[in-house]
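Report on the following structure.
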Amino acid sequence: MAVTTLSIFSFTACSDDSGSGSGAVEKAEEGEITVYTALEDEQVSEYLEAFNKEYPDITVNVVRESTGIITARLLAEKDNPQADVVWGTAASSMMVLDDQGGLKGYAPEGVDRILPEFKSDKEEPTWVGIDAWETAFTVNTEEAEKLGLPEITSYEDLLDPAFKGHIVMSNPNSSGTGFLTVSAILQLMGEEEGWDYLDKLDENISQYTHSGSKPAKMAASGECAVGISFGYAGLSQKEDGAPVEVIFPEEGSGWDLEANALINKDEINPASYTFLDWAISDSAMELYKENYPIITTNDVGEYEGYEGNPLDQLIENDFSWAASNREDILSQWMERYDAKSEPEEE
């Protein structure tokens with residue numbers, strides 16, 4: 000596997016101070032921490048600007064990459080961890096890391112507001128979800144009309160031979176969106192029928208990307224007619240004026256949580272607790288809600304492009320099954336379909 004260059008940003012605030020919450024652990028409102036995240040670049044900038052207004056004396060060094068790359072790096076560094084905090088990375092990945100002892104339990108201030116199904120079930124949660132994202136198809140309506148493509152409402156519709164060479168999807172080994180989509184298909188259809196479906200879908204795929212949002216961006220730019228991506232990615236392209244429609248499959252969408260966690264280290268940086276408290280605060284949740292209709296408190300936000308309660312679109316997701324079968328799913332996928340993956344960045 001080629002070495003991937005990670006996007007690294009350093010943010011230091013320069014505004015008003017604000018206190019952190021109470022708790023048995025030692026917290027700090029100054030210092031420097033390293034945070035690994037799979038959040039989108041533009042979200043990282045926006046969210047950290049808000050954090051830094053509250054905590055100007057905490058410098059946050061961010062390593063941002065796709066979910067699969069972040070997960071692989073965390074697992075590789077488990078015995079010599081470099082990160083202090085994981086922020087906005089798939090809960091299914093956090094469960095894998097937790098099983099290997101890579102996470103340390105911490106109950107952030109306000110964790111009781113998080114719905115039980117959206118955080119680990121340990122007394123001191125080892126991970127806490129902040130929002131959910133789900134499978135969606137971004138369709139370039141101009142390209143679809145030009146090519147005479149049929150309407151899409153379901154996963155099955157993607158198997159129509161008319162779509163051959165016109166669909167882009169993300170690689171589940173590097174993309175959390177790719178993994179949640181593959182996992183959903185296997186859960187909805189059963190493993191035998193699910194792999195058979197993916198074999199047929201592969202015949203219509205032109206490329207597998209290493210970013211979950213890239214298929215939506217490619218559809219928006221006309222590089223493909225259909226991008227199998229996630230809701231926010233497609234809806235944000237539509238908001239920016241791209242000629243796209245975002246379709247949520249009628250069978251239900253695969254989904255995962257963006258979750259936060261404290262890395263298990265011999266010495267915990269006190270500023271890590273402060274960051275994790277802020278990362279589920281009301282002010283942070285308001286920011287997450289601007290991009291995702293489903294946040295993990297009792298409140299479900301609204302987002303243009305969704306019909307009804309977005310929770311109704313989500314399949315019944317067995318996170319434990321997905322986590323325990325992750326390596327087998329990824330290895331099988333690589334054997335079958337990796338030939339169509341885009342080259343990895345050097």
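Just so we're aligned, residue 0 is where the sequence shown starts under numbering that gives the first Met the number 0, counting upward by one. Every residue gets a Cβ at the ideal spot worked out from N, C-alpha and C, and that includes glycine. Note that the structure is a prediction, hence the values are computed from the model and not measured.
Straight-line spacing of the CA atoms in W332 and I314 works out to 21 Å. Buried is the label assigned to D83, since at least 16 other Cβ atoms lie within 10 Å of its Cβ. In the structure shown, E76 adopts coil according to DSSP, grouped into three states. Taking V110 as the centre and dropping the five residues before and after it, the same chain places the C-beta of K118, P124, V127, I279 closer than 8 Å to its C-beta, in chain order. In this structure, N268 lies near G30, with their beta-carbon atoms less than 8 Å apart.
With 16 or more neighbouring CB atoms inside 10 Å of its own CB, G67 falls in the buried class. Just so you know, the alpha carbons of I293 and W132 end up roughly 8 Å apart.
Fewer than three beta-carbon pairs drawn from the segment 305 to 324 and the segment 160 to 167 are found closer than 8 Å, and the two stretches are therefore not classed as touching. Excluding its 5 nearest sequence neighbours in each direction, E249 has C-beta neighbours in its own chain below 6 Å: T152, S153, listed in chain order. F318: member of the alpha helix (DSSP H) spanning 318 to 323, first to last residue. CA-CA distance, S174 to T70, rounds to 10 Å.
The beta-carbon distance between T208 and E341, rounded to whole angstroms, is 5 Å. This is short enough to meet the 8 Å contact definition. Leaving aside the five residues that flank A232 on each side, the residues in its chain whose CB is nearer than 6 Å to its CB run, in chain order, S212, A215. Short of 6 Å from the beta carbon of E192, and not among the five residues preceding or following it, lies no beta carbon of its own chain. Residues L286 of the same chain have their beta carbon placed closer than 7 Å to that of E45, with the five preceding and five following residues left out of the count. DSSP places Q206 inside the beta strand (DSSP E), whose first and last residues are 204 to 208.
Going by DSSP, Y35 is part of the beta strand (DSSP E) stretching over 30 to 36. If you draw a straight line from the Cα of A258 to the Cα of S210, it is about 18 Å long.
DSSP places W132 in the strand class (E or B) of the three-state scheme. Counting C-beta pairs with one atom in each stretch, the segment 95 to 107 and the segment 187 to 204 have fewer than three that are closer than 8 Å, which means they do not touch.
For V24, there is no enclosing beta strand (DSSP E), as DSSP marks it with neither H nor E.
Rounded to whole angstroms, M94 and S319 show a C-alpha spacing of 8 Å. Assigned with DSSP and collapsed to three states, I69 falls in helix.
DSSP places L148 in the coil class of the three-state scheme, outside both helix and strand. Here T58 carries a strand assignment [DSSP, helix/strand/coil]. For T88, the pairing in a beta bridge is given by DSSP as A258. Residue nearest to V34 within the set D239, T273, Q236 is T273 (criterion: CA-CA distance).
Taking 8 Å as the cut-off, the Cβ atoms of A183 and G253 count as close.
Nearest Cα to N308 within the set S91, Y291, S323, L148: Y291.
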